[in-house]
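Below you'll find the structure, written out as structure tokens, and then a few comments.
Number of protein chains: 4
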Amino acid sequence: MRENQKQWKKRLHEIIYEADTPAGKLFDVVLLIVILASILLVMLESVKSIDNKYHNFLNISEWVITILFTIEYIARIITVNKPIKYVTSFYGIIDLLSTIPKYISLFFGGIHALAALRALRLLRVFRILKLARYLGASNNLVRAIKASRAKISVFLFAVLIVAIILGTIMYLVEGEENGFTNIPRSVYWCIVTLTTVGFGDIAPQTPLGQFLASLVMILGYGIIAVPTGIVSAEYTSQTNTNKPQTPHLNSQSCANCLADKHQDGAKFCHKCGHPLH
Amino acid sequence: MRENQKQWKKRLHEIIYEADTPAGKLFDVVLLIVILASILLVMLESVKSIDNKYHNFLNISEWVITILFTIEYIARIITVNKPIKYVTSFYGIIDLLSTIPKYISLFFGGIHALAALRALRLLRVFRILKLARYLGASNNLVRAIKASRAKISVFLFAVLIVAIILGTIMYLVEGEENGFTNIPRSVYWCIVTLTTVGFGDIAPQTPLGQFLASLVMILGYGIIAVPTGIVSAEYTSQTNTNKPQTPHLNSQSCANCLADKHQDGAKFCHKCGHPLH
Amino acid sequence: MRENQKQWKKRLHEIIYEADTPAGKLFDVVLLIVILASILLVMLESVKSIDNKYHNFLNISEWVITILFTIEYIARIITVNKPIKYVTSFYGIIDLLSTIPKYISLFFGGIHALAALRALRLLRVFRILKLARYLGASNNLVRAIKASRAKISVFLFAVLIVAIILGTIMYLVEGEENGFTNIPRSVYWCIVTLTTVGFGDIAPQTPLGQFLASLVMILGYGIIAVPTGIVSAEYTSQTNTNKPQTPHLNSQSCANCLADKHQDGAKFCHKCGHPLH
Amino acid sequence: MRENQKQWKKRLHEIIYEADTPAGKLFDVVLLIVILASILLVMLESVKSIDNKYHNFLNISEWVITILFTIEYIARIITVNKPIKYVTSFYGIIDLLSTIPKYISLFFGGIHALAALRALRLLRVFRILKLARYLGASNNLVRAIKASRAKISVFLFAVLIVAIILGTIMYLVEGEENGFTNIPRSVYWCIVTLTTVGFGDIAPQTPLGQFLASLVMILGYGIIAVPTGIVSAEYTSQTNTNKPQTPHLNSQSCANCLADKHQDGAKFCHKCGHPLH
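Chains as they are written, first to last, in the numbering used here: chain A, 178 to 454; chain B, 178 to 454; chain C, 178 to 454; chain D, 178 to 454.
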């Protein structure tokens, strides 16, 4: 009997945590659809006219999704050998936060901020899309971005310093009567301009201000080249160097410690030695 | 007599479907001009002041173009061996849709939406511009874009997730009084900002909102580098690898099955074996 | 005596057309300053408040510059062996157009459009800046841009087709009440959006329109990568291939046929065989 | 006694000018925090509502920071062998300007422009972040930017000429009634558009103006590729060429002549021969 239960637990673990079996794939696809549907619900609820018309439908749908998530959350805890580790892991917390907003609203009414909690559900998509990794599409890309990160950070930091100094100068030149009411707002304008976004809610009106703004824009135009150049060069070198592909990894995940990235045909977890099934 | 007709059909096929003979080239150039003229007509018609003044002229011109397209459509059906295949092909449908709007308006009056049908005529330009391929200009480019497609899709998907989560947060921070009336609109603003378009019809007004917007913009500034880097690197590697040029292909198209990309001097269709002339 | 005059003519030719001698360099620098000053005049004149205050000063300055340009134009004609060729050359026409606006205004009064003629003077800067070529700064760059031109044209043409089709759809979706008053204006909006400029004077108001606009923006975001990738890759390959530098060219220009790009130490014009001095 | 004082001076020099010892690192981190805090103060002071509420707190904080900077400035002068050289160096002047604003305000009241002086303090961050160089993150990047500088300058200059000519034409086409009140403003609009910033405070209203604007935008879209391509290519070639890393440099700085970039294990200054400790 206990053996039987263990067998059943193993199968459930395979379905929930892996994507190698048809049932596992189906589970992932259904979960993906439920998550996207729940995000759509959050969006539609925020539209007054829709919420007024279909309030009941939206409310019931949210309850259905909440219950589905609750079942999934409990199943995940049951089938893992070390539940505490799952509950305190990044995705464990995301899963919990995705599930509770509707329960909270029972006690405190529909708090506005719960929408943000519910939007976090989107992060769960990334777990399912670990599948995407097996498409081999973004391996070099991820590596190139990682290699560029430090340089782009240094670069963006320099941009920030430029924005603060130029923002202060623009504040002095344009002044409050032209919308540059204080330095933070002026720095905000400077970032809007340097990044070539250009909302236009704040715009220089004095000739000197417009001249300085032109310099800022040409500067921004010139430096937008830098991060692009970095990624481009890194990616080129990644593509050239990493021709020998990484060994094919399957989507199994250890029932004991949740580690993934096991090689094809691996029999034991490479982290804790727990047998894989 | 029948032989004679077949000969005539063959010549017409050459003129309409190919660009190797002077008559074929002339046909393509005339067709290109007619298509562009018809697009110009659609545009001018939508301008109230012009339509009021020159309504009759525009109406007659549209009829002339419609009749020209009708003749061309019939000629294409006659000269092809398998008319059904042409009619149901992508360009066959485009050709039909390009021809019928004026006929439809006879029965239903000038429906507004017909303008969209007529704008589709522009897609026909691509068929004529298969000529462009022979300029050798965009071969590597097309290959680089194809090779980048998967990676750019993954990337744009990530951008979309970021936009939804940030959009929800901005909706909570700024609220309805500052133009972020609901989450879809807020996500729309987020996409406008991340892509550095920045219309400015919606813009954050609270200090916290402007701070978050600055982060979004700097993030957008940093990640605009990624797709550029991908295409750039792919294109570089395409240019390096594909030095041995593809054999020169002529503009013949099989009268039987419409297949093209026949090699120079090919006598038979590489797809159905039908003799090429 | 005639020999003497010829000698004098030769020296003047050297000063005006070349930049190898100190006098030639001085001439170029003075000319550059006069041109920039004249552009500044055109700009300041267009500012109402400045024109009202300093009208006389601006008027006299313009006359001084016009006379200087007249002298230069005559000197150029005199010192060249084939004046007709100079007068009908690109820079000959630019020089003439740069000189005459003030004379025209004598007969017809201050026509507004003369400002454009005067702004053309800026094009003369390029002739002087052929100097820049000798800095070796932009050789590979120019070559890369030339090599990319065809591909970028094909690409921009495709962008234009996308803009027309999407513009027509946006016109139908948003309609006149939201600022998309006709298709050309709608296409204009589409180009503004695809290029990530985003003025915001026209912006979609309906949810469907905003959804389509989001697609346009993400599309624009994705395809902005393409021309960048092209130039980047071309430039990389240019830099790799063209390591063996082009022979150093001096700034001499043939007195007979105006040809330049003579090699260092060349004694005769490589185009017409006329002796260089 | 004198020996003792010299010893003490040496240690202080090490702490202030170098980052190799724990004390030196601590000093840099504290200084960084004080600078950032002082910038935050400048920003908050400019916000009316905050200044009204916390005026006293901001005033006292500014005094504390001014006194800290004064002590640091004096310490820097004392510990350097050639104080005159430090005082007249770039960072010496920045340090002085960072210190004096509050003292000036004692005599002249809170002059508005002092905010700009105080914002200059941010430049001091760069000195501390010479640390960043040792992270090896931006070595190739800096070299690539330096190598690209000349080409990007030539390019930006060409952009400027285009902006002036197109700006003049737009001024003539659109005229004052559509916001293009004079040529400088029109050129400003042109730069805003070419750089794809697009504020939208000025936007073409006439069909011809919108058509020209479309050309400007597509042009801008095409040429934004150029500087990116330059940096990207330069950076790629830098990365390929400079594989043999530069020798590891430590953060020591000569007590005599302030020269830095000494090799690891260097015993004497490579510039003046003064012993390093």
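Note that the Cβ used here is the ideal one computed from N, Cα and C, for glycine as well. Being a predicted model, the structure only gives us computed values, none of them experimental.
Checklist entry - Hey, is G377(C)'s beta-carbon within less than 9 Å of any beta-carbon in chain A? => result yes
Checklist entry - With 16 as the cutoff for other CB atoms within 10 Å, does P421(C) come out buried or exposed? => result Because the pLDDT at P421(C) is just 40, under 50, the model does not fix this residue reliably, and the point stays unresolved.
Checklist entry - When the Cα atoms are used, what is the spatial distance from I270(D) to S409(C)? => result 41 Å
Next on the checklist: Less than 9 Å between CB atoms is the rule here; does Q182(B) satisfy it with respect to chain A?
Outcome noted: no
Next on the checklist: Please report the straight-line C-alpha distance between F234(B) and L294(B), rounded to a whole angstrom.
Outcome noted: 21 Å
Item to check | Outcome for L203(D) when other beta-carbon atoms lying within 10 angstroms are tallied against a minimum of 16 | outcome: exposed
Checklist entry - Using CA coordinates, which residue listed in I379(C), V302(C), T276(C) and F303(C) is at the minimum distance from L132(C)? => result Examination of residue 132(C) is not possible in this model, given that chain C is present from 178 through 454 alone.
Item to check | Cβ pair count under 8 Å reaching 3, the region 214-224 of chain B against the region 359-377 of chain C | outcome: yes
Next on the checklist: Beta-carbon within less than 7 Å of F246(A)'s beta-carbon, same chain only, minus the 5 sequence neighbours each way: which residues are those?
Outcome noted: S275 and T276
Checklist entry - Using the C-alpha atoms, what's the distance from V336(D) back to A335(A)? => result 24 Å
Item to check | Residues that T405(C) contacts on chain A, provided the C-beta gap is smaller than 7 Å | outcome: T405
Checklist entry - Comparing the CB of T405(B) with every heavy atom of the ligand ATP, is any distance shorter than 8 Å? => result Here there are no bound small molecules, and the ligand ATP is not part of this structure.
Item to check | Test: E191(D) CB closer than 9 Å to a CB of chain C | outcome: no
Item to check | Rounded straight-line distance, which links the Cα of A327(B) to that of N352(A) | outcome: Checking the sequence shown, residue 352(A) turns out to be Gly, not Asn. Near 48 Å, if we compare the C-alpha coordinates of A327(B) and G352(A).
Item to check | For A340(A) and F332(A), the rounded distance between their alpha carbons | outcome: 12 Å
Next on the checklist: Less than 9 Å between CB atoms is the rule here; does I368(D) satisfy it with respect to chain C?
Outcome noted: no
Checklist entry - D455(A) lies in the alpha helix (DSSP H); which residues open and close that run? => result Summary: the structure shown does not reach residue 455(A), with chain A confined to residues 178 through 454, and so no result is reported for it.
Checklist entry - Going along chain A, which residues have a C-beta under 7 Å from Y412(D)? => result G406, I407 and A410
Next on the checklist: Does chain A have any CB closer than 9 Å to the CB of V302(D)?
Outcome noted: yes
Checklist entry - Going along the chain, which residues of its own chain have a beta-carbon closer than 6 Å to the beta-carbon of T423(C), five neighbours each way excluded? => result Confidence in T423(C) is poor, its pLDDT being 41 and thus under 50, which makes the residue's placement unreliable; the coordinate value appears in the next sentence. No residues qualify anywhere along the chain.
Checklist entry - Given Y348(A), which residues of its chain have a CB within under 6 Å of its CB, disregarding the five upstream and five downstream residues? => result F357, I360 and S363
Checklist entry - Hey, out of I254(D), R298(D), S226(D) and M394(D), whose CA is closest to Y194(D)'s CA? => result I254(D)
Item to check | Neighbour list for R320(D) in chain A, Cβ cutoff strictly below 7 Å | outcome: Result: empty, since nearest Cβ-Cβ is about 12 Å, beyond 7 Å.
Checklist entry - Listing by chain order, which chain D residues have their CB less than 9 Å from the CB of V339(C)? => result By Cβ distance, chain D contributes nothing, its closest Cβ being about 12 Å from V339(C), past 9 Å.
Item to check | Interface residues of chain C facing V206(B) [CB-CB closer than 8 Å] | outcome: Simply none; closest approach about 16 Å.
Item to check | Continuous alpha helix (DSSP H) stretch holding A292(A): start and end | outcome: L291 to A296
Next on the checklist: Need the endpoints of the alpha helix (DSSP H) that D197(A) sits in, please.
Outcome noted: Careful: D197(A) lies outside any alpha helix (DSSP H) and carries neither H nor E.
Checklist entry - Using CA coordinates, which residue listed in Q382(B), Y365(B) and S391(B) is at the minimum distance from T373(A)? => result S391(B)
Checklist entry - Exposed or buried, H232(D), counting other C-beta atoms within 10 Å across all chains shown (16 or more means buried)? => result exposed
Next on the checklist: Rounded to the nearest angstrom, what separates W366(B) and G344(B) at their Cα positions?
Outcome noted: 7 Å
Checklist entry - Should T265(D) go down as buried or exposed, given a rule of 16 or more other Cβ atoms within 10 Å for buried? => result exposed
Item to check | Pick from Q387(C), I227(C), H190(C) and R320(C) that is closest to Y263(C), judged by C-alpha positions | outcome: H190(C)
Next on the checklist: Assuming L273(C) and Y250(C) are in contact, meaning their beta carbons sit under 8 Å apart, how far apart are those beta carbons, in whole angstroms?
Outcome noted: 7 Å
Item to check | Buried or exposed by the 16-neighbour rule on C-beta atoms within 10 Å, applied to I342(D) | outcome: buried
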